[in-house]
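Sequence positions in the sequence shown follow UniProt numbering and run 1 to 229.
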Amino acid sequence: MTNAIILTGSDRYASRWHDHAATGQRITEILREVDIDARLRGTHPRVFGELASADLLVVDAGRSRPGPEDASDEEWAGAHTLLADYVSRGGALLVMHNGIAAFSDLPAWSNWVGGSWVEGVSMHPPIGETTITPREIDHPVVEGLGPITVYDELYSHLGRADDNVTLALHRYDDQKQPLVWTREHATGRVVVDTLGHDVRSYDSDGRNRLLKREALWVIGGDPETIRRI
């Protein structure tokens, strides 16, 4: 069984705009439905030692200014080293919603995930119900998935790498705005899914099928099995 850690925002990686504890719990429940042994953990330096035995890391966190009760820069430097070790050995990485901004204090983060939240540029229209049509491409995460109706924020004007494979997008300001993309490094796979502002996102069956497919693909699951979800 796949060993997964769901990092939910806490310490300097909490966000006052997001209830990470609630969304992290929903992600954990959904991934367990496809036999992924998902364990929910707060984003704290002492947790990162568990990455040595993890097959999948899901980042459902954000970014905030360090507070007086938060871990020190020295403690976080050690945790960042363990995170870099995980990525360099090919550990699968699934980044949810505001997770794209979570480790922005780690210079390699934007390269690993192929994008960034650009202060003063990136934004989202008002939250609401919308229907997203995944791209019609030969990729097991989206092939045959069909339109997804979801109550969510649609991130726009993100910084993004040219070599991402975009799986779903929306249009805003007369521009295509990627919502979901993949990357393959020499050692492993990454999926960024910018949906998931709050638990209402996970009330959507289509959205949850997308999440399951993403998780199975990023850990190297059988493509035909993924397409049947």
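Glycine included, every Cβ here is placed at the ideal spot set by N, Cα and C. Remember, it's a predicted structure, so these values are computed and weren't measured experimentally.
Per DSSP, GLY128 is one residue of the beta strand (DSSP E) stretching across 128-132.
The beta strand (DSSP E) runs of length 3 or more contained entirely in the segment 82-153 are, from start to end of the chain, 92-96, 128-132 and 148-152. Counting only runs of 3 or more residues that sit fully inside the segment 28-74, the beta strand (DSSP E) segments are 36-42 and 56-60, in chain order.
The continuous beta strand (DSSP E) containing ASP193 extends over residues 189-193. With contacts defined by Cβ atoms closer than 8 angstroms, ASP60 and ARG12 do not form a contacting pair. If you draw a straight line from the Cα of GLU119 to the Cα of LEU216, it comes to about 32 angstroms.
CA-to-CA, the gap between ALA108 and LEU7 works out to about 18 angstroms. With contacts defined by Cβ atoms closer than 8 angstroms, VAL87 and GLY159 do not form a contacting pair.
Between the segment 131-138 and the segment 37-46 there are fewer than three inter-stretch CB-CB distances shorter than 8 angstroms, so the stretches are not counted as touching. Shown here, SER156 sits in a strand according to DSSP, grouped into three states. Assignment of alpha helix (DSSP H) within the segment 158-225, counting only whole runs of 4 or more residues, yields 205-218 in chain order. Contact annotation: VAL192 and GLY114 have beta-carbon atoms nearer than 8 angstroms. In the three-state scheme derived from DSSP, where H, G and I count as helix and E and B as strand, ALA14 is classed as coil. In the DSSP annotation of this structure, the continuous segment of the beta strand (DSSP E) that includes ILE5 starts and ends at 2-8.
Around LEU51, the same chain offers LEU82 and TYR86 as residues with beta carbons nearer than 6 angstroms, after the five sequence neighbours per side are excluded. Taking C-beta atoms under 8 angstroms as the contact rule, ALA92 and VAL218 qualify, at a distance of about 4 angstroms.
Taking a cut-off of 8 angstroms on C-beta distances, the segment 95-112 does not touch the segment 163-181, as fewer than three cross pairs fall below it. Ranked by Cα distance from GLU184, the first of HIS97, MET1, GLY62 and GLY220 is GLY220.
LEU145 and TRP117 have their alpha carbons spaced roughly 27 angstroms apart. Between the alpha carbons of GLN25 and LEU40 lies a gap of roughly 7 angstroms. In the structure shown, ARG227 adopts helical secondary structure according to DSSP, grouped into three states.
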